[in-house]
Amino acid sequence: MAEINLSDSRGRDAVVNAESVTIPHEYRWIDQDQHQVGTRKILRSVVGHDIAAMEKKYGDLDKVGAALIDGDPDVDIESYGRFLTETSRAYTDPDGEIVHHLSRWEVIYSPDGEEKDRQPLEVEPPNVAGDIPLAWSDKRIKKADAIRKFVFSGKMQIQHINGLTYDFLYQMAKELSDSDSLMILGSGKKGNQPLVFRRGGLSYRGFLEGRVDGNRYALILHLSNMELKKPTPPTE
């Protein structure tokens, strides 16, 4: 569970909880003997037996094909099919050697899928729970318009941690519910910077929604990092 520092329309701020919204599954998988089924990670291949390694060993793909017909050089009998437990990601170069220093790039594409720009990826620090609260921007967009303009990739529920923050968040939810709109939420002193929840994570544009039912409330932060745009029709 993450923390988030929010301010309301009166300029008051508080640090509250933010939890990802997930729908629990109310079913389980069983096999033909009515036994519980679980998932396991199985080793499928090793570097020395992939197509690149075999092509380097035999010379070309035709010779690799002949070797596959004569035997099974692509299979490591001692390793394949092993169950994997604790694993970690590693990056390798074209020769299969582990790479220890990486350069990450941010690639920007146009609506029709063409690359527009490429630049070194900057690792942004988290900014939703810092000393500067996320400001109440009062920039709102109707819900019907928002779902047609943005792709929402996730949402988080803002939760109170005590009675004081309950009143704080309830009033925010009620104000947004009465307007039937989503409020654009950003970071920084002017509230125009993207939201970053973890170091090096994706940057999002936030849309805050409020719902009220009696003394109950739901304050939901919708997250988007993609705007819907109509591609330019090709010219003849």
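Okay, so the sequence shown: first residue is 3 according to the numbering used here, each after it adds one. We put the beta carbon where it would ideally sit given N, CA and C, even for glycine.
query, result
"What are the complete alpha helix (DSSP H) segments, minimum 4 residues, inside the segment 24-62?", "53-60"
"Enumerated in chain order, which unbroken segments of the alpha helix (DSSP H) with a length of 4 residues or greater are wholly contained in the segment 153-200?", "165-181"
"Could you give the residue range of the alpha helix (DSSP H) that holds isoleucine 149?", "145-151"
"By DSSP's criteria, tryptophan 107 is part of a beta bridge. Which residues make up the other side?", "Pro122"
"How many Å lie between glycine 67 and methionine 56 at the Cα?", "10 Å"
"Please classify serine 183 as buried or exposed, where buried requires at least 16 neighbouring CB atoms within 10 angstroms.", "buried"
"When the Cα of glutamate 99 is compared with those of Leu171, Val48 and Asp114, which residue comes out closest?", "Val48"
"Specify the secondary structure class of aspartate 215 as computed by DSSP and reduced to three states.", "strand"
"Taking the straight line between their C-alpha atoms, what separation do you get for threonine 234 and alanine 148?", "21 Å"
"Using CA coordinates, which residue listed in Ile44, His51, Ser81 and Asp114 is at the minimum distance from glutamate 88?", "Ile44"
"When the Cα of serine 257 is compared with those of Asp95, Gly188 and Gly50, which residue comes out closest?", "Given a span of 3 to 238 for the chain in the structure shown, any question on residue 257 remains unanswerable."
"Out of Met174, Gly40, Leu221 and Asn7, which has the shortest C-alpha to C-alpha gap to tyrosine 29?", "Gly40"
"Would you kindly check if the distance between the Cβ of valine 125 and the Cβ of glutamate 117 is under 8 Å?", "no"
"If you follow the beta strand (DSSP E) that proline 129 is in, where does it begin and where does it stop?", "For clarity, residue 129 is asparagine in the given sequence; the question names proline instead. Counting along the chain, asparagine 129 falls outside any beta strand (DSSP E), and DSSP gives it neither H nor E."
"Give the secondary structure of glycine 208 by DSSP, where H, G and I count as helix, E and B as strand, and everything else as coil.", "strand"
"Taking the continuous beta strand (DSSP E) assigned at valine 18, which residues delimit it?", "15-22"
"What three-state label does DSSP hand leucine 230 in the structure shown?", "coil"
"Using the Cα positions of isoleucine 222 and serine 105, report the straight-line distance between them to the nearest angstrom.", "35 Å"
"Suppose you measure from the CA of alanine 92 to the CA of threonine 167; what does that come to, to the nearest Å?", "43 Å"
"If contact is defined by three or more beta carbon pairs under 8 Å, each pair taking one atom from either stretch, is the segment 161-179 in contact with the segment 209-224?", "yes"
"Going by other Cβ atoms of all chains shown within 10 Å of its Cβ, with 16 needed for buried, is proline 127 buried or exposed?", "exposed"
"Rounded to whole angstroms, what's the CA-CA distance from proline 196 to glutamine 173? Just pull it up for me.", "24 Å"
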